[in-house]
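To start, the structure itself, in structure tokens.
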Amino acid sequence: MATFTVTTNADSGAGSLRQAVLDANAAPGEDSIVFDAAFDGGAEDVIRLTGGQIAVTGRLNIFGGPARVTITGDAAGDDVTDAAGITDVAASGAARLDDNSRIFDASAGLKLDGLILTGGRTTANGEGGGAVRTTTNLILIDCIVSGNSTTGDHASGGGVRSTDEIRGSSIRVTDSLVSDNSTAGDFARGGGISGYYITVADSAISGNSTAGKFGFETFGVGIDGYDLTLSESTVSGNRGAGGLAVGIRASGDVSVRNSTVNLNGCHGISGEGITVENSTVSRNRGFGINGYLTTVENSTVGRNGGFGISGYSTTVENSTVGRNGDRGIFGDGVWVTRSTVRNNDGDGIAGNYVRVNNSSVTGNGGHGINSSSHSFQDVGITDSSVYGNAGDGISVVALFGARSEVRVASSVTSGNGGRGIAASAYHDATMVVTSSTVSDNAGGGIQTSSSEGGVTVRVSDSTVSGNSVRGAHAAGGGIFAGGSEGGSVLVANSTVSGNSALGANARGGGIHANGAVRAINSTISGNRAVGEAAEGGGIWSPKSTIDHPSKVGLTNSILLGNAASRAASSEYAGTLVLKGGNIVGRDVFPGPADIGDTSPAEV
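Numbering-wise (the numbering used here), the sequence shown opens with residue 1 and increments by one.
Quick look at the structure:
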């Protein structure tokens, strides 16, 4: 391995960088270029390429040293620059940039360490890599790549571009800054970095831009590639005009760890498979994270303009998703564990198959949890709190041809502006609530319905209290089960109290069912049905017929202190069946004699 030393800032001749590269290309093996000690980072040490780009055809390392050597593609020296000599692409304009060239064009492995690359430019359609283009592997360490540009249709990589997917070309950026580079042209992409396999560590990718028509094809602005890895880095303030100004965009997988992705012009991160760990994704103009298979762990996703997280399959653990401009989390399948989803403008969580465990979903502008589709809806909530959302706490809708199933365990659903827990389906709907509290919801506590099927509601070891429903035909302030094929309710070891149905023809302040109701070891008290013809302060069930048996069965339970405008039905409206010891209104039924049949087949 040979080492060549640059002793002059001239662009040609003995001791120049260009000559050193020519010599290295001619030498066998991997070579290195270093700079004479006279290069101390001063303005007089700038290397200005007057002879066009430098071709690298042999494996090469270029070391600029801790002071960093500046290399510019501005041949005439007429670019508008800042105090550090970095080209301002927008201020310079096409007229001043017409003499600029790309800096390095590498067809062999190239490592750049301690350099400032600026003023690089390409203008042909399909070109890219304003500062550096590589067809193999490129490594940047302690470099600044800033003020470079590409123009032309399908332009890419305003700063850096790799082009050979077949050979697996890669770009590795460490301890570096890639900023204020740009691409312009129809289908332009990758204002900062464009390539196939890209790794960025301990670096900043910021202020890069794209501009061009056909925005549906203008993708990543900060970084655009196939397989991307980001760690201990920042991707910020990248922007676009006419396209999707995504901070990080991959057609394959994206891994982001211990990093910040913020203030980008559209989505923060976009890709097929996305993993985000110990990171912050915030204040991006579009979605925070937009992917297909998405996993977010120990991270914050907040204050983005659209969805916080969107994906076909989305897993969120130990994270906070809040104050996004639309839904917090969206996916076909959503798994949320030990996380907080709060204060998003739309729904907190939305998906077809939803699992929430040991989490809180609070203060969102839509439903707390929303599942709506033509397919089977399956929602499970465990050890979680869903409260203070503007819409329903939990809303599940299975449209034409589908059924729904909702299970809530050891959770609190409280203070929501709509229903506490709601499920509706074209066919059958099932609601199971265990060891939970459903309270103080403005649209009713537990509401379950079906247009062409039956409904089953099971509540055990739970409290349903302080909920209310309003409307001329308000029904089931605490619990509602309505299906065209009947709706049955089983309440065991639970309390249904202080709920109300308010309206002229209100039915069932505590419980309303289109079928049988059974309460075991439970208390149903202090509920109200208020309205001119309101019935069933505690429980309302239609009168039992041969075709539609719908009895109210009590076992070792209390039905007491409920009220209805039609006083005769203050406690219940329907056919009452008692078993064991019960208290109904002022009457005590000590048992053990049965009054009627309370078999599960009927109730």
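Don't be surprised by glycine CBs; every beta carbon is placed ideally from N, CA and C.
Anticipated Cβ contact below 8 Å, residue i with residue j, distance rounded
{"i": "N137", "j": "S176", "result": "N137 to S176, Cβ: 16 Å. No contact."}
{"i": "I141", "j": "T174", "result": "5 Å"}
{"i": "N639", "j": "R285", "result": "A query on residue 639 cannot be resolved here, the shown segment of the chain reaching from 1 to 603 and no further."}
{"i": "S462", "j": "T437", "result": "7 Å"}
{"i": "T5", "j": "V46", "result": "Their Cβ separation, rounded to whole angstroms, is 18 Å, which puts T5 and V46 out of contact at 8 Å."}
{"i": "R327", "j": "N343", "result": "12 Å between Cβ atoms; not a contact."}
{"i": "G537", "j": "N556", "result": "Not a contact, Cβ separation roughly 21 Å."}
{"i": "N604", "j": "G147", "result": "Residue 604 lies beyond the residue range present for the chain, which begins at 1 and ends at 603; the question has no answer from this structure."}
{"i": "S460", "j": "A492", "result": "4 Å"}
{"i": "G130", "j": "R102", "result": "6 Å"}
{"i": "G222", "j": "I248", "result": "6 Å"}
Per-residue DSSP class, three states only, for residue i
{"i": "A91", "result": "helix"}
{"i": "R169", "result": "The question names Arg, but residue 169 in the sequence shown is Ser. Residue state, collapsed to three classes: coil."}
{"i": "N25", "result": "helix"}
{"i": "L559", "result": "strand"}
{"i": "R59", "result": "coil"}
{"i": "Q19", "result": "helix"}
{"i": "A442", "result": "coil"}
{"i": "T5", "result": "strand"}
{"i": "A43", "result": "helix"}
{"i": "R239", "result": "strand"}
{"i": "L263", "result": "coil"}
{"i": "R96", "result": "helix"}
{"i": "A131", "result": "coil"}
{"i": "A481", "result": "strand"}
{"i": "A108", "result": "coil"}
{"i": "A37", "result": "coil"}
{"i": "A14", "result": "coil"}
{"i": "A76", "result": "coil"}
{"i": "A422", "result": "strand"}
{"i": "A567", "result": "helix"}
{"i": "E232", "result": "coil"}
{"i": "G585", "result": "coil"}
{"i": "S449", "result": "strand"}
{"i": "E30", "result": "coil"}
{"i": "D332", "result": "strand"}
{"i": "I103", "result": "coil"}
{"i": "A682", "result": "In the structure as shown, the chain starts at 1 and stops at 603, and residue 682 therefore has no counterpart that could be examined."}
{"i": "S435", "result": "coil"}
{"i": "A475", "result": "strand"}
DSSP beta-bridge partners of residue i
{"i": "T174", "result": "I141, A201"}
{"i": "Q53", "result": "None; Q53 has no bridge partner."}
{"i": "I289", "result": "I269, I309"}
{"i": "I608", "result": "Residue numbering for the chain in the displayed model covers 1 to 603; residue 608 lies beyond these limits and cannot be assessed."}
{"i": "Y572", "result": "I539"}
{"i": "D612", "result": "Look at the range of the chain in this structure, 1 to 603, and you will see that residue 612 is not part of it."}
{"i": "S149", "result": "R121, S182"}
{"i": "A155", "result": "The partner list for A155 (beta bridge, DSSP) is empty, contrary to what the question assumes."}
{"i": "S414", "result": "Y387, S439"}
{"i": "S675", "result": "Since the first and last residues shown for the chain are 1 and 603, residue 675 lies out of range."}
Residues near residue i by beta carbon distance below 6 Å, same chain, minus five either side
{"i": "G454", "result": "D428, G483, E485, G486"}
{"i": "G366", "result": "G346, D347, G391"}
{"i": "N25", "result": "T57, G58"}
{"i": "N370", "result": "D347, A350, S395"}
{"i": "A573", "result": "E535, G536, W540"}
{"i": "V356", "result": "V336, I381, S384"}
Sequence-distant residues of its chain with Cβ nearer than 7 Å to residue i (five each side left out)
{"i": "E317", "result": "E297, T337, R338, S339"}
{"i": "R48", "result": "D11, T72, D74, A75, G77"}
{"i": "G476", "result": "G444, Q447, V469, A501, G508, I511, H512"}
{"i": "T50", "result": "D11, A75"}
{"i": "R18", "result": "D11, S12, G51, I54"}
{"i": "A20", "result": "F4, V6, I33"}
{"i": "S410", "result": "T382, D383, S435, S436"}
{"i": "S231", "result": "A201, R257, N258, S259"}
Own chain residues within Cβ distance below 8 Å of residue i, not counting five before or after
{"i": "G42", "result": "none"}
{"i": "E30", "result": "M1, G58, R59, L60, N61, G109"}
{"i": "T135", "result": "A106, S107, S162, T163, D164, R167, S169"}
Below-9 Å beta-carbon distance, residue i vs any chain D residue
{"i": "A38", "result": "Annotation note: the requested chain D is absent from the structure, which comprises a single protein chain."}
Q | Segments of 3+ residues assigned as beta strand (DSSP E) that fall wholly inside the stretch 488-542 | A | 495-497, 500-502, 511-513, 517-520, 523-525, 528-530
Q.
Please give me, in chain order, every unbroken run of the beta strand (DSSP E) with length at least 3 that falls completely inside the stretch 340-401.
A. Within the stretch 340-401, the complete beta strand (DSSP E) runs of at least 3 residues fall at 340-342, 349-357, 360-362, 369-373, 377-382, 385-387, 394-398.
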